[in-house]
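Asks: Heads up, the numbering used here is the position in the first sequence plus 487, with the first residue counted as 1. Note that beta-carbon positions come from the ideal geometry of N, C-alpha and C, so glycine has one too.
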Amino acid sequence: MTNREIADVLDQIGDMLEIQGENVFKVRSYRRAAETIGRCRFAITGATASEQLRELPGIGESLSQLILEVAATGTCPLREQLLAVIPQGLLDVLRVPGVGPKTAGALFHQLHVTDIRSLEEACRSGAVAALPRMGAKSQERILEGIALLQRSAGRILLSEAAAIAARVIEQLPPPCEPVVAGSFRRGRETVGDIDILAVEVQGLDPMAAFTGMPEVEQVLLHGDTRSSVVVKGGVQVDLRVIPRPSMGAALQYFTGSQQHNIRVRERAGAMGLRLSEYGLFDADDRQIAGASEAEVYGALGLDWIPPELREDAGEVARAAEHALPRLVELHDVRGDLQMHSQWSDGAHTIRQMAEAARARGLDYIAITDHSKALGVANGLDEDRLLRQIDEIRALNQELEGFTVLAGCEVEILADGRLDIADEVLAELDIVLACVHSGLNAPSEAITRRMVRAAEHPHVCIIGHPSGRLIGQRDRTALDLDALIRTCVDTHTALEVNSGPQRLDLCDHDVRRALEMGAHLVISTDAHSAESLSWLTYGVQTARRGWATPDRVLNTRPVAGLRAFFTMDGGNP
DNA sequence: GCCGTTTTCGGCCCGACTGTTTTCAGTCG
488 MTNREIADVL DQIGDMLEIQ GENVFKVRSY RRAAETIGRC RFAITGATAS EQLRELPGIG
548 ESLSQLILEV AATGTCPLRE QLLAVIPQGL LDVLRVPGVG PKTAGALFHQ LHVTDIRSLE
608 EACRSGAVAA LPRMGAKSQE RILEGIALLQ RSAGRILLSE AAAIAARVIE QLPPPCEPVV
668 AGSFRRGRET VGDIDILAVE VQGLDPMAAF TGMPEVEQVL LHGDTRSSVV VKGGVQVDLR
728 VIPRPSMGAA LQYFTGSQQH NIRVRERAGA MGLRLSEYGL FDADDRQIAG ASEAEVYGAL
788 GLDWIPPELR EDAGEVARAA EHALPRLVEL HDVRGDLQMH SQWSDGAHTI RQMAEAARAR
848 GLDYIAITDH SKALGVANGL DEDRLLRQID EIRALNQELE GFTVLAGCEV EILADGRLDI
908 ADEVLAELDI VLACVHSGLN APSEAITRRM VRAAEHPHVC IIGHPSGRLI GQRDRTALDL
968 DALIRTCVDT HTALEVNSGP QRLDLCDHDV RRALEMGAHL VISTDAHSAE SLSWLTYGVQ
1028 TARRGWATPD RVLNTRPVAG LRAFFTMDGG NP
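(1) How many angstroms separate the CA atom of A536 from the CA atom of L555?
(2) To the nearest angstrom, how far is it from the Cα of R813 to the Cα of T1028?
(3) Between which two residues does the alpha helix (DSSP H) holding D976 run?
(4) Which residues mark the beginning and the end of the beta strand (DSSP E) in which R752 is found?
(5) Assuming contact is defined by CB atoms lying nearer than 8 Å, are L900 and A920 in contact in what I supplied?
(6) Would a C-beta distance cut-off of 8 Å place V997 and A941 closer than the cut-off?
(7) So P564 packs on G632, CB below 8 Å; how close in whole Å?
(8) Name the residue from A860, A932, E842 whose alpha carbon lies nearest to the alpha carbon of G888.
(9) Taking the continuous beta strand (DSSP E) assigned at Y851, which residues delimit it?
(10) Is it buried or exposed for S985, if we count other Cβ within 10 angstroms and need 16 for buried?
(11) According to DSSP, is E764 helix, strand or coil?
(12) Check for me: the alpha helix (DSSP H) holding R528 runs from which residue to which?
(13) Over what stretch of residues does the alpha helix (DSSP H) that includes A634 continue unbroken?
(14) Between which two residues does the alpha helix (DSSP H) carrying S1010 extend?
(15) Please go through the same chain and pick out, in chain order, the residues whose beta-carbon is closer than 6 Å to the beta-carbon of P732, but skip the five residues on each side of it.
(16) Measure the C-alpha to C-alpha separation of A755 and L1048 and round it to an integer number of angstroms.
(17) Can you check whether the CB of V688 is closer than 8 Å to the CB of P730?
(18) Between the stretch 867–876 and the stretch 822–832, do at least 3 Cβ pairs fall closer than 8 Å?
(19) With distances taken from CA atoms, which of L630, G545, V1026, L796 is nearest E522?
(20) In this structure, does DSSP put T1035 in helix, strand or coil?
(21) Roughly how many angstroms lie between the CA atoms of S858 and E896, to the nearest whole one?
(22) What's the C-alpha gap between I876 and G866?
(23) Here's the rule: buried if 16 or more other CB atoms are within 10 angstroms of the residue's CB, otherwise exposed. What is A685?
(24) In terms of DSSP beta bridges, what is S714 paired with?
(25) If you follow the beta strand (DSSP E) that C895 is part of, which residue opens it and which one closes it?
(26) Between the C-alpha atoms of I493 and I524, what's the straight-line distance to the nearest angstrom?
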């Protein structure tokens, strides 16, 4: 069982307990444990898992035993017991907007609803409207909820969310200063819905502009302070209008995460204060903070916490000790170490990529076209690679104060050898090694393959190490710890690939790699000049992994970068 | 179920919106 699978079981138990009307705080402990296990950086199946588990926050005696049992057997008596009473399909019913645990329980017990299909039938027959505290409108809402669920996009990529958010903000009146909060602001790799906040301005009606946008498919709510719409593609967008003195508290609150907010509000409670989206209030209900986030955190004795860290993963305690790391920022990054040109499968010339990168404020780039084993991408063989190196050297003669490094995204072959001869690799400034085939290989095979590449004296960087494509392809069975260990030993960097579909290493892996002492590079893998803008997603992912600039090699000037890769004496 | 400069028992974040109700329960974030 992977940690993710264990977390899913915990969530499932939480759902079923909730439907049974179990104590909400008990339910919350299962949910919280699921969160914690989902991002936990050691394998629960490991031998030492038992002691490590007990050290995790929110996991006590009974949960740790349950988790170990699930890890070993895939299930546990509690889950089996619940599954004997509650049909699996009822858990899907919980995902229908407007149906919560209480409603699901009533639907099951009184109308024998067991899945979405039987729920729909119960609605069409009018039986749902006859339930206590339900009516025609509730029934209609549930039907709409089912339709919404069926055409909803689910979670979308960060880049897709960015495009939607930008379009919405464009259509809101500028004086209301709209900003995006939520998981988008935290830089999560996928976004469920888009939360936008706007300042209340006399005589301005952003709600009307919002619900009237041409891309709105359905208005879910339309209130004075909050409206919700579904835009084309099935994505939900929320707008909230906030009085200016509350803007900081609202931004803090709506940025989340929910677990982070609970942690912060508990702290407020312990200080005799009350924190809501309207501000921080004392016992006499006087507002003592709220206009800015820094003010709110500050009044709670906390340093301002970057949104990317707000996952209840220890950041509140660190903020209280004034010991948060200084995270890498977009403007720290001076170069981009993976991109493609027309030589292989890119859309633009080397010069065009260089000029676009320079316009974005970078000092250097590496051109890393594919190598010959990736025939579908028009990969370069040794001859073409040597000619490309000549072109890059010539271009550098013309560019003042900007450097194009000659690189290559070299294929790691099945046995861990590279597909370009060593004497040609020696001519390159940057060798990036990647796997694009055999991604379903067993753990030992893929690990041996990648470790061997990392040991190669010319290899500087292992690119998109996990091989996952978000929503399309799982990560390979690679033993990441083994690869990280090798990278630390050989002065090889691990890439944080900024492609919105990759974000690989992911946030948890970044934190793991840094804890083990590795160095990173953040690269765009751009196949066109426009995609150089992806850098921001990679930076956010690194920040979510608590990355500091000193551990991100491409924050260094080009000379410092080269120095790192030659420290083991074997690299170019 | 977890946890402890309020506590080893009794707490556990907080408010808007909706629908079905004459005061509130359920859902959502």
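Replies: According to the structure shown:
(1) Sequence index remark: in the first sequence, residue 536 carries index 49 (1-based). Sequence index remark: in the first sequence, residue 555 carries index 68 (1-based). For A536 and L555, the distance between alpha carbons rounds to 8 Å.
(2) For the purposes of this step, residue 813 is taken as residue 326 along the first sequence, with counting starting at 1. For the purposes of this step, residue 1028 is taken as residue 541 along the first sequence, with counting starting at 1. Looking at the backbone, the Cα of R813 and that of T1028 are separated by about 15 Å.
(3) To locate residue 976, count along the first sequence from 1; it is residue 489. DSSP places D976 inside the alpha helix (DSSP H), whose first and last residues are 967–977.
(4) Your numbering for residue 752 matches position 265 in the first sequence. From DSSP, R752 is part of no beta strand (DSSP E) but of the alpha helix (DSSP H) over 745–757.
(5) Residue numbering aside, residue 900 sits at position 413 when the first sequence is read from its first letter. Residue numbering aside, residue 920 sits at position 433 when the first sequence is read from its first letter. No, these two residues do not count as a Cβ contact at 8 Å.
(6) Within the first sequence, numbered from 1, the residue matching residue 997 stands at position 510. Within the first sequence, numbered from 1, the residue matching residue 941 stands at position 454. Cβ distance not < 8 Å, so V997 and A941 don't count as in contact.
(7) Working through the first sequence from its first residue, we reach residue 564 at position 77. Working through the first sequence from its first residue, we reach residue 632 at position 145. With a beta-carbon spacing of about 33 Å, P564 and G632 fall beyond the 8 Å limit used to define contacts.
(8) If you number the first sequence from 1, residue 888 lands on position 401. With respect to the C-alpha of G888, the residue from A860, A932, E842 having the closest C-alpha is E842.
(9) Against the first sequence, residue 851 aligns to sequence position 364. Taken as a continuous stretch (DSSP letters only), the beta strand (DSSP E) holding Y851 covers 851–854.
(10) Taking the first residue of the first sequence as position 1, residue 985 is located at position 498. So S985 counts as buried.
(11) On the first sequence, position 277 is the one that residue 764 refers to. Coil.
(12) Here residue 528 corresponds to residue number 41 of the first sequence, with the count starting at 1. Premise fails: R528 is in no alpha helix (DSSP H) and is neither H nor E.
(13) Counted from its first residue, the first sequence places residue 634 at position 147. Run containing A634: 623–638, per the alpha helix (DSSP H) assignment.
(14) As a working mapping, residue 1010 is identified with position 523 in the first sequence. Careful: S1010 lies outside any alpha helix (DSSP H), inside the beta strand (DSSP E) at 1007–1010.
(15) Counting from 1 along the first sequence, the entry for residue 732 is found at position 245. Result list for P732: G777, A778, in chain order.
(16) To locate residue 755, count along the first sequence from 1; it is residue 268. To locate residue 1048, count along the first sequence from 1; it is residue 561. Using only the alpha carbons, I get a separation of about 45 Å.
(17) By one-based count along the first sequence, residue 730 stands at place 243. By one-based count along the first sequence, residue 688 stands at place 201. Against a cut-off of 8 Å, the Cβ pair of V688 and P730 comes out as no contact.
(18) yes
(19) The residue given as residue 522 occupies position 35 in the first sequence. Among L630, G545, V1026, L796, the Cα nearest to that of E522 belongs to G545.
(20) Here the question's residue 1035 lines up with position 548 in the first sequence. It is coil, neither helix nor strand.
(21) Position 371 of the first sequence, counted from the start, is the residue given in the question as residue 858. Position 409 of the first sequence, counted from the start, is the residue given in the question as residue 896. Cα to Cα, S858 sits roughly 6 Å from E896.
(22) Working through the first sequence from its first residue, we reach residue 876 at position 389. Working through the first sequence from its first residue, we reach residue 866 at position 379. Using only the alpha carbons, I get a separation of about 15 Å.
(23) Along the first sequence, one-based indexing puts residue 685 at 198. Buried.
(24) The residue labelled residue 714 in the question sits at position 227 within the first sequence. BP columns for S714 point to H709, L726.
(25) Residue mapping note: residue 895 aligns to position 408 of the first sequence, counting from 1. Its beta strand (DSSP E) spans residues 890–898.
(26) Residue numbering aside, residue 493 sits at position 6 when the first sequence is read from its first letter. Residue numbering aside, residue 524 sits at position 37 when the first sequence is read from its first letter. Each residue's Cα considered, the two are about 7 Å apart.
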